[in-house]
Amino acid sequence: MITAIEPRKKGLSALYIDGEFAMKLDTETLLACRFDVGREIDDEELHECIQASDRKRCKDKALWLIGYRDHSRKDLITKLKKDYPEDVCTATADRLEELGLLDDGRYARHYAADLVNLKHLSERGVRQKLYEKGIDRDLIDEVVSELFIDEKEQIRTIIEKKYARALSDEKGQRRCVNALSRLGFSWSDIKSVLSEYTETEEY
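Right under this line is the structure:
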């Protein structure tokens, strides 16, 4: 028997059964389930209400997350899974995709543009970052094919921003080379651009 329902923060209510705290559920869902003090409920009814509460809270959190910034499907589900069952998270992502609120194609294009224009990554670096976000390989190919990436110009930009003053000694040169390599640039392009800044070819 439900012996008490007490309001809690963030739109939740504490449910007490037979005098003992049972769980916190979404308040709106509790009302929709017609859970009132004094009502007898069985395990099936409780389970259905828990599932409905999870769906509601998962949807609300998902909307908050994508309202704050765009997410890939993988990123969104990973964050939601910290609080809700995987099947609920997947169903939530499916519904958001149906509504056009979650779109890996749109996300990948925006993210790739930022990686090129703000982070100055190489094509290989962009591909790796998109893959880490769970973007499908075919979609990665499509998105990258739409980009214009001047790899040598990207290297120049990075050097000017971070490493130009460090290229006067061998240690600084090696640090620059290692950093550029981690960003996915080819050794031939790195060597070619560095020759514009240094007289040595030993890196």
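Residue 13 is where the sequence shown starts when you use this note's numbering, and the numbers rise one by one after that.
For each residue, glycine too, the CB sits at the ideal point set by N, CA and C.
From the options, residue whose alpha carbon lies closest to that of residue i
| i | options | result |
| --- | --- | --- |
| D48 | A26, I167, L111 | A26 |
| L195 | A178, K141, S84 | K141 |
| L130 | P97, I167, I152, D99 | I167 |
| L145 | L127, L42, A178, P97 | Sequence inspection shows Lys at residue 145; the Leu mentioned does not correspond to that position. Nearest C-alpha to K145: L127. |
| L151 | A120, T169, Y209 | A120 |
| S193 | K86, E172, K174, R136 | R136 |
| F33 | G23, A16, L43 | A16 |
| G23 | L42, M13, D30 | L42 |
| I170 | Y209, D82, D106, Y28 | Y209 |
| R72 | Q185, R118, R107, D54 | The residue you asked about is not Arg; residue 72 is Asp in the sequence shown. Here the closest residue by C-alpha is R107. |
Alpha-carbon spacing of residue i relative to residue j, whole angstroms
| i | j | result |
| --- | --- | --- |
| E52 | D115 | 44 Å |
| L37 | C61 | 8 Å |
| K164 | G112 | 37 Å |
| E18 | C45 | 16 Å |
| R20 | L133 | 47 Å |
| F197 | R67 | 44 Å |
| E40 | Y80 | 24 Å |
| L77 | L58 | 28 Å |
| S157 | R149 | 12 Å |
| A125 | I29 | 53 Å |
| D95 | E154 | 34 Å |
Delimiting residues of the alpha helix (DSSP H) encompassing residue i
| i | result |
| --- | --- |
| D116 | 116-129 |
| D87 | 85-92 |
| S157 | 149-157 |
| D48 | Per DSSP, D48 belongs to no alpha helix (DSSP H) and is neither H nor E. |
| S65 | 55-80 |
| I171 | Element bounds for I171: n/a, residue is neither H nor E. |
| D99 | 98-110 |
| G137 | 135-144 |
Start and end residues, beta strand (DSSP E) containing residue i
| i | result |
| --- | --- |
| S25 | 24-29 |
| L37 | 32-38 |
| E18 | 14-19 |
Counted within 10 angstroms of its Cβ, other Cβ atoms place residue i as buried (16 or more) or exposed
| i | result |
| --- | --- |
| E109 | exposed |
| S65 | buried |
| T90 | exposed |
| S84 | buried |
| Y143 | exposed |
| Y123 | buried |
| Y175 | buried |
| Y69 | Note that residue 69 is Arg in the sequence shown here, rather than Tyr. Classification for R69: buried. |
| L92 | buried |
| L75 | exposed |
| R177 | exposed |
Cβ-heavy atom distance, residue i to the ligand SAH, below 7 Å
| i | result |
| --- | --- |
| D181 | This structure simply doesn't include the ligand SAH, nor any ligand for that matter. |
Considering only residues of the stretch 177-213, which uninterrupted beta strand (DSSP E) runs meet the minimum length of 3 residues and lie entirely inside it, listed in chain order? none
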